[in-house]
Amino acid sequence: MAFSVLDSAPVVPVVVLDDVRDAVPLARALVAGGLPGIEVTLRTPAALDAIRAIADEVPGAVVGAGTVISPAGVADCVAAGARFLVSPGWTDSLVGAMRESGLPFLPGVSTTSEVVALLERGITAMKFFPAEAAGGTAYLKSLAGPLPQARFCPTGGITPASAPSYLALPNVGCVGGTWMLPADALAARDWDRVERLAREAAALPRPVRP
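Following this note's numbering, the numbering of the sequence shown begins with 1230 at its first residue and continues without gaps.
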């Protein structure tokens, strides 16, 4: 069965890595905690090398690339070994490149018109970003009635306290978050703490979908 970002786990960790040496131990901690789908954002010079290292050295990880914003970026991520792609927004050229890659992908949306435009193109899996700033659970709940075929991974400002409210919605498959990656734990390379927080995130309740 093909990997599904929306169905892999309740939470997709959104990772920003400045040092490629941290990529493998961090990924191993997340996988051990039950979060195999790992989004490494293209926000730092180390990102592509980090994706490559995780893909090569952490067999249990399904590493993806986030903050993909150009067709050239898609090609770079595929070459590095990414297994899924996530963008904060989308254009026709970006969606075309992501489709041509053959990888699962989540184009980003924050308005009803963007959702409808993607549905028109046959795309039903999307990232809702920035989730809290763009209307949160109330906004997503309002989309479920007229646009039930759209499913989302909300990301942006979500916490352990708010995640269950998102996961209870019928049009949410998972959430993206960073709370299992606190800055002090990363600075101290406290991978045991990361694993513990990942385990708590993986245990969040998620309703069975019809």
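Quick reminder that beta carbons are idealized off the backbone N, C-alpha and C, glycines included.
Fair warning: this is a prediction, and the values are worked out from it, not measured in the lab.
Hey, could you find the ends of the beta strand (DSSP E) residue i is sitting in?
i	result
Glu1268	Gly1266 to Thr1270
Given a cut-off of 8 Å, decide if residue j and residue i are closer than it, judged by their beta-carbon atoms.
i	j	result
Leu1246	Ala1238	no
Val1287	Val1260	yes
Leu1410	Val1401	no
Which of the three DSSP states, helix, strand or coil, is assigned to residue i?
i	result
Met1230	Interpretation of Met1230 is limited by its pLDDT of 42, a score under 50 that renders its predicted location unreliable; the figure taken from the coordinates is listed afterwards. Correct three-state label for Met1230: coil.
Val1315	strand
Ala1354	strand
Pro1254	helix
Pro1393	helix
Arg1422	helix
Ala1431	helix
May I ask which residues mark the beginning and end of the alpha helix (DSSP H) holding residue i?
i	result
Gly1365	Gly1365 to Ala1373
Arg1328	Asp1321 to Ser1330
Gly1302	Pro1300 to Ala1309
Arg1281	Ala1276 to Glu1286
Ala1346	Thr1341 to Glu1349
Among the options, which has the Cα closest to the Cα of residue i?
i	options	result
Ala1354	Ala1431, Ala1392, Phe1313 and Ala1397	Phe1313
Pro1265	Leu1277, Pro1389, Ala1309 and Leu1235	Leu1235
Pro1359	Phe1381, Gly1386, Ser1371 and Lys1370	Gly1386
Thr1384	Ala1432, Ser1339, Gly1289 and Gly1302	Ser1339
Lys1370	Pro1399, Ala1363 and Glu1361	Pro1399
Ala1430	Leu1415, Thr1366, Gly1405 and Ala1294	Gly1405
So, under 8 Å CB-CB, residue i and residue j are touching, yes? Tell me the CB distance rounded to an integer number of Å.
i	j	result
Ile1352	Leu1323	That belief does not hold up - the Cβ atoms of Ile1352 and Leu1323 are roughly 12 Å apart, past 8 Å.
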